[in-house]
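S.K.: Have a look at this one.
2 protein chains.
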Amino acid sequence: MAVYTDVSDEELEAFIASYAIGGLTSFKGIAEGVENSNYLVHTETGRYILTLYEKRVARQDLPYFLALMEHLAARGITCPLPVRDREGRTLKELAGRPAALITFLEGLWVRRPGIGHCSGLGEALARFHVDGADFPMHRANSLSLPGWAALFASIGSGADNVTPGLAREIDKELLHLEQHWPADLPQGVIHADLFPDNVFFLGDKLSGLIDFYFACNDKLAYDVAVCLNAWCFEPDGSFNVTKARALLQAYESVRPLSPAELEWLPTLARGAALRFLLTRTYDLLNTDANALVKAKDPNEYLRKLRFHQRVKSYRDYGLGEH
Amino acid sequence: MAVYTDVSDEELEAFIASYAIGGLTSFKGIAEGVENSNYLVHTETGRYILTLYEKRVARQDLPYFLALMEHLAARGITCPLPVRDREGRTLKELAGRPAALITFLEGLWVRRPGIGHCSGLGEALARFHVDGADFPMHRANSLSLPGWAALFASIGSGADNVTPGLAREIDKELLHLEQHWPADLPQGVIHADLFPDNVFFLGDKLSGLIDFYFACNDKLAYDVAVCLNAWCFEPDGSFNVTKARALLQAYESVRPLSPAELEWLPTLARGAALRFLLTRTYDLLNTDANALVKAKDPNEYLRKLRFHQRVKSYRDYGLGEH
Numbered sequence: 071m072a073v074y075t076d077v078s079d080e081e082l083e084a085f086i087a088s089y090a091i092g093g094l095t096s097f098k099g100i101a102e103g104v105e106n107s108n109y110l111v112h113t114e115t116g117r118y119i120l121t122l123y124e125k126r127v128a129r130q131d132l133p134y135f136l137a138l139m140e141h142l143a144a145r146g147i148t149c150p151l152p153v154r155d156r157e158g159r160t161l162k163e164l165a166g167r168p169a170a171l172i173t174f175l176e177g178l179w180v181r182r183p184g185i186g187h188c189s190g191l192g193e194a195l196a197r198f199h200v201d202g203a204d205f206p207m208h209r210a211n212s213l214s215l216p217g218w219a220a221l222f223a224s225i226g227s228g229a230d231n232v233t234p235g236l237a238r239e240i241d242k243e244l245l246h247l248e249q250h251w252p253a254d255l256p257q258g259v260i261h262a263d264l265f266p267d268n269v270f271f272l273g274d275k276l277s278g279l280i281d282f283y284f285a286c287n288d289k290l291a292y293d294v295a296v297c298l299n300a301w302c303f304e305p306d307g308s309f310n311v312t313k314a315r316a317l318l319q320a321y322e323s324v325r326p327l328s329p330a331e332l333e334w335l336p337t338l339a340r341g342a343a344l345r346f347l348l349t350r351t352y353d354l355l356n357t358d359a360n361a362l363v364k365a366k367d368p369n370e371y372l373r374k375l376r377f378h379q380r381v382k383s384y385r386d387y388g389l390g391e392h
Numbered sequence: 071m072a073v074y075t076d077v078s079d080e081e082l083e084a085f086i087a088s089y090a091i092g093g094l095t096s097f098k099g100i101a102e103g104v105e106n107s108n109y110l111v112h113t114e115t116g117r118y119i120l121t122l123y124e125k126r127v128a129r130q131d132l133p134y135f136l137a138l139m140e141h142l143a144a145r146g147i148t149c150p151l152p153v154r155d156r157e158g159r160t161l162k163e164l165a166g167r168p169a170a171l172i173t174f175l176e177g178l179w180v181r182r183p184g185i186g187h188c189s190g191l192g193e194a195l196a197r198f199h200v201d202g203a204d205f206p207m208h209r210a211n212s213l214s215l216p217g218w219a220a221l222f223a224s225i226g227s228g229a230d231n232v233t234p235g236l237a238r239e240i241d242k243e244l245l246h247l248e249q250h251w252p253a254d255l256p257q258g259v260i261h262a263d264l265f266p267d268n269v270f271f272l273g274d275k276l277s278g279l280i281d282f283y284f285a286c287n288d289k290l291a292y293d294v295a296v297c298l299n300a301w302c303f304e305p306d307g308s309f310n311v312t313k314a315r316a317l318l319q320a321y322e323s324v325r326p327l328s329p330a331e332l333e334w335l336p337t338l339a340r341g342a343a344l345r346f347l348l349t350r351t352y353d354l355l356n357t358d359a360n361a362l363v364k365a366k367d368p369n370e371y372l373r374k375l376r377f378h379q380r381v382k383s384y385r386d387y388g389l390g391e392h
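Chains as they are written, first to last, in the working numbering: chain Y, 71 to 392; chain D, 71 to 392.
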């Protein structure tokens with residue numbers, strides 16, 4: 071969770087009254103979501119999440135994220151739906167911050183996903199890619215190759231304070247990826263952060279996707295690579311090839327990967343691992359001692375990166391010959 | 071909010087299955103409550119708060135708190151009701167900690183209470199005192215005079231790091247209260263922490279009381295004094311005698327204060343101010359830089375203490391001659 075913005079009684083009341091959702095009956099800060107302040111809102115007519123966007127989310131990107139949720143929901147993807155106020159607006163302001171009210175989604179995120187969860191995730195990811203194909207807006211991925219290089223430049227040798235030798239290892243990997251990064255893979259809207267805490271299940275059934283605040287236009291297979299990293303490693307660092315196979319086969323049941331996407335998958339997985347290694351390293355080095363957010367361990371992603379460096383082909387991810 | 075205890079999928083599922091409340095549909099950490107970890111739980115049959123008791127709440131006191139909630143709810147006080155599991159237990163264990171599931175209470179706490187809120191609070195406090203009269207269990211107030219002296223002994227001259235001269239000022243006040251503390255006022259179950267964030271309203275109507283984890287047996291009028299401190303000062307430090315009058319008159323409409331209680335009210339208010347001055351000073355000096363809890367300002371209660379030191383009689387709190 072992020073630092074909580076203090077909302078006064080009067081501001082909150084006026085904000086809720088600007089929607090046709092009845093009177094407020096409950097308002098509680100919730101402890102999920104690292105980038106923004108989130109509140110659970112009950113009114114006489116329903117349950118909602120109120121998000122106040124803190125500084126790490128660029129205000130000019132918010133219309134993209136909110137319109138994407140509306141686009142996906144209209145195509146049957148279960149995701150939060152931004153609520154329109156009495157004047158039809160979804161992006162508003164509260165307590166001096168950009169703010170939006172979205173519908174509450176039932177479901178639980180799975181702390182330790184099993185094979186069935188990976189399968190559900192793979193299918194949902196592919197549907198997201200297919201349904202996002204005609205989304206008309208565009209947002210560049212600020213956390214792709216050039217963004218990684220810029221982030222590393224701002225970290226520099228500080229990385230060695232996280233793990234000795236880390237700066238050199240990142241430098242080498244960046245150089246490798248700059249020389250070996252695919253150019254012509256199928257592009258579209260990607261979620262870019264589809265970690266287990268952004269995927270809800272009811273029992274074994276996937277019930278929805280949340281947190282679209284890293285969504286952007288990029289290579290679709292890169293999104294698959296992010297998920298391989300986030301869903302298919304065990305707590306001891308080992309790669310669970312059965313989970314990866316389940317994820318990829320379910321993905322391909324909806325959207326088959328092209329031969330080029332398969333060929334580049336190990337490289338994309340290295341890039342995805344490097345992306346989270348870099349942001350976690352940056353966050354760890356820049357976390358204010360008073361911050362409410364607990365920094366995540368960068369070394370988890372260093373181990374994942376090293377795994378993908380040793381991978382020879384997509385077949386190492388559990389897929390048979392295509 | 072407190073540090074969050076990590077609950078595994080399996081533990082949580084088994085815990086919820088031990089109650090007859092249907093399957094789990096949502097589980098979110100909430101950011102309220104300083105002492106414990108609280109989660110909002112939705113199941114197929116209702117909404118609940120799951121509390122994991124962290125170290126500051128003594129395990130042996132939990133049966134008192136839970137039984138008190140059941141006692142009060144049975145007498146019509148709107149407060150969370152501990153849910154009994156299939157074996158009739160309210161106090162359980164989860165993730166190695168004492169845990170309880172209580173019903174979810176609709177309502178909002180008021181960031182800046184008005185006169186009407188103070189009136190509602192006064193009436194509810196008196197009903198709490200009346201309805202608690204036949205509660206059979208007993209718990210001493212660990213944060214009364216002897217507790218304050220012990221707390222001050224552990225703080226010592228460190229108080230001067232909060233405000234220069236504070237240690238001497240606390241020392242003098244403690245000495246005064248030890249020599250002038252009432253012995254024979256009416257006793258009973260008190261809430262002892264009925265701050266605005268523990269009182270819910272729906273519109274202007276009080277809808278419930280929460281957070282009974284400081285409740286104990288002590289002088290009833292001390293509870294009134296806690297509320298005078300917590301509800302009747304403005305953000306600029308001034309005392310709002312209109313709010314105090316509203317609180318006290320509403321209290322007396324249910325339970326009139328005795329002449330002795332009225333006579334001792336300024337002293338009890340000094341004690342209540344000292345209690346929060348001491349705990350806030352202790353918390354500020356002992357807050358780990360990594361703690362998720364933001365320490366509250368002790369000086370707010372130093373100013374309140376000084377106000378009560380200048381009070382000559384209960385009439386200064388807005389009550390007419392009795």
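Quick reminder that beta carbons are idealized off the backbone N, C-alpha and C, glycines included.
In this text, all values refer to a predicted model and were calculated from it rather than measured experimentally.
1. Buried or exposed: alanine 72 (chain D), going by 16 or more other Cβ atoms within 10 Å of its Cβ?
2. List, in order along the chain, the chain D residues whose C-beta lies closer than 8 Å to that of threonine 95 (chain Y)?
3. Taking Cβ positions only, does serine 88 (chain Y) come closer than 8 Å to chain D?
4. Can you find a heavy atom of the ligand ADP that lies under 7 Å from the Cβ of phenylalanine 97 (chain D)?
5. From the beta carbon of serine 78 (chain D), is the nearest beta carbon of chain Y less than 8 Å away?
6. Pull up the CB-CB distance for histidine 112 (chain D) and glutamate 176 (chain Y), whole angstroms please, since I reckon it's below 8 Å.
7. I'd like to check one pair, alanine 300 (chain Y) with leucine 264 (chain Y): are the Cβ atoms closer than 8 Å?
8. Quick check on DSSP: helix, strand or coil for phenylalanine 97 (chain Y)?
9. Please tell me whether alanine 137 (chain Y) has its Cβ less than 8 Å away from any Cβ of chain D.
10. Is the distance from the Cβ of arginine 345 (chain Y) to the Cβ of leucine 213 (chain Y) below 8 Å?
11. Can you give me the start and stop residues for the beta strand (DSSP E) that cysteine 286 (chain Y) sits inside?
12. Per DSSP, what are the beta-bridge partners of lysine 275 (chain D) in this structure?
13. Starting from the beta carbon of threonine 112 (chain Y), find every residue of chain D whose beta carbon is closer than 8 Å, and list them in chain order.
14. Quick test of your reading: leucine 276 (chain Y) and leucine 138 (chain Y), contact by CB under 8 Å. State the CB separation rounded to the nearest angstrom.
15. Quick check on arginine 182 (chain Y) - is its C-beta less than 8 Å from some C-beta in chain D?
16. Could you tell me the distance, in whole angstroms, from the CA atom of tyrosine 384 (chain D) to the CA atom of valine 311 (chain D)?
17. Could you check whether the Cβ of glutamate 102 (chain D) sits closer than 8 Å to any Cβ belonging to chain Y?
18. Determine whether the beta carbon atoms of isoleucine 185 (chain D) and alanine 320 (chain D) lie at a separation below 8 Å.
19. Measure the CB-CB distance between valine 259 (chain Y) and glycine 202 (chain Y) and report whether it falls below 8 Å.
20. By the criterion of Cβ-Cβ separation under 8 Å, what are the contact partners of lysine 98 (chain Y) in chain D?
21. At which residues does the alpha helix (DSSP H) containing proline 133 (chain Y) begin and terminate?
22. Closest to phenylalanine 284 (chain D) by CA distance: which of D:Ala84, D:Ala128, D:Trp218 is it?
23. I believe leucine 161 (chain D) touches proline 150 (chain D) by the beta-carbon criterion, under 8 Å. Please report the beta-carbon distance rounded to the nearest angstrom.
24. Give the DSSP-derived three-state secondary structure of glycine 184 (chain D) in the structure shown.
25. Return the CA-CA distance between alanine 194 (chain Y) and leucine 335 (chain Y), expressed in angstroms with no decimal places.
26. Please list, in chain order, all residues of the same chain as asparagine 211 (chain Y) whose beta carbon is under 6 Å from its beta carbon, the five residues on each side excluded.
27. Give the secondary structure of asparagine 108 (chain Y) by DSSP, where H, G and I count as helix, E and B as strand, and everything else as coil.
28. Using the C-alpha atoms, what's the distance from aspartate 274 (chain Y) back to alanine 90 (chain D)?
29. Is there a Cβ of chain C sitting closer than 8 Å to that of leucine 175 (chain D), yes or no?
30. Could you give the distance in angstroms between the alpha-carbon of tyrosine 387 (chain Y) and the alpha-carbon of alanine 342 (chain Y)?
31. Quick one: what does DSSP say arginine 117 (chain Y) is sitting in, helix, strand or coil?
32. Count the other CB atoms, across all protein chains shown, that sit within 10 Å of the CB of histidine 261 (chain D); report buried if there are 16 or more and exposed otherwise.
33. Tell me, please, whether the CB atom of lysine 366 (chain D) is closer than 8 Å to any CB atom in chain Y?
34. Quick one: residues in its chain with C-beta nearer than 8 Å to the C-beta of tyrosine 352 (chain Y), no 5 flanking neighbours on either side, listed in chain order?
35. What are the start and end residues of each continuous alpha helix (DSSP H) run of 4 or more residues lying completely inside the segment 291–356 of chain Y, in chain order?
M.R.: Looking at the coordinates:
1. Note that alanine 72 (chain D) scores a pLDDT of 43, beneath 50, so its modelled location is shaky; the value from the coordinates is reported in the next line. By the 10 Å Cβ count, alanine 72 (chain D) comes out buried.
2. Glu176, Gly177, Leu178, Leu272
3. no
4. No copy of the ligand ADP appears in this structure; indeed no ligand is present at all.
5. yes
6. 7 Å
7. yes
8. strand
9. no
10. yes
11. 286–289
12. D:Leu272
13. The question names threonine, but residue 112 (chain Y) is histidine in the sequence shown. Within 8 Å Cβ-Cβ: Glu176.
14. Actually they are not in contact, since the Cβ atoms of leucine 276 (chain Y) and leucine 138 (chain Y) sit about 19 Å apart, beyond 8 Å.
15. yes
16. 11 Å
17. yes
18. no
19. yes
20. Ile100, Ala101, Glu102, Leu110
21. 132–144
22. D:Ala128
23. With 8 Å as the limit, leucine 161 (chain D) and proline 150 (chain D) do not qualify as a contact, their Cβ atoms being about 14 Å apart.
24. coil
25. 19 Å
26. Cys286, Asp288
27. strand
28. 21 Å
29. Any reference to chain C falls outside this structure, whose protein chains are Y and D.
30. 15 Å
31. strand
32. buried
33. no
34. Leu221, Ser224, Ile225
35. 311–324, 329–356
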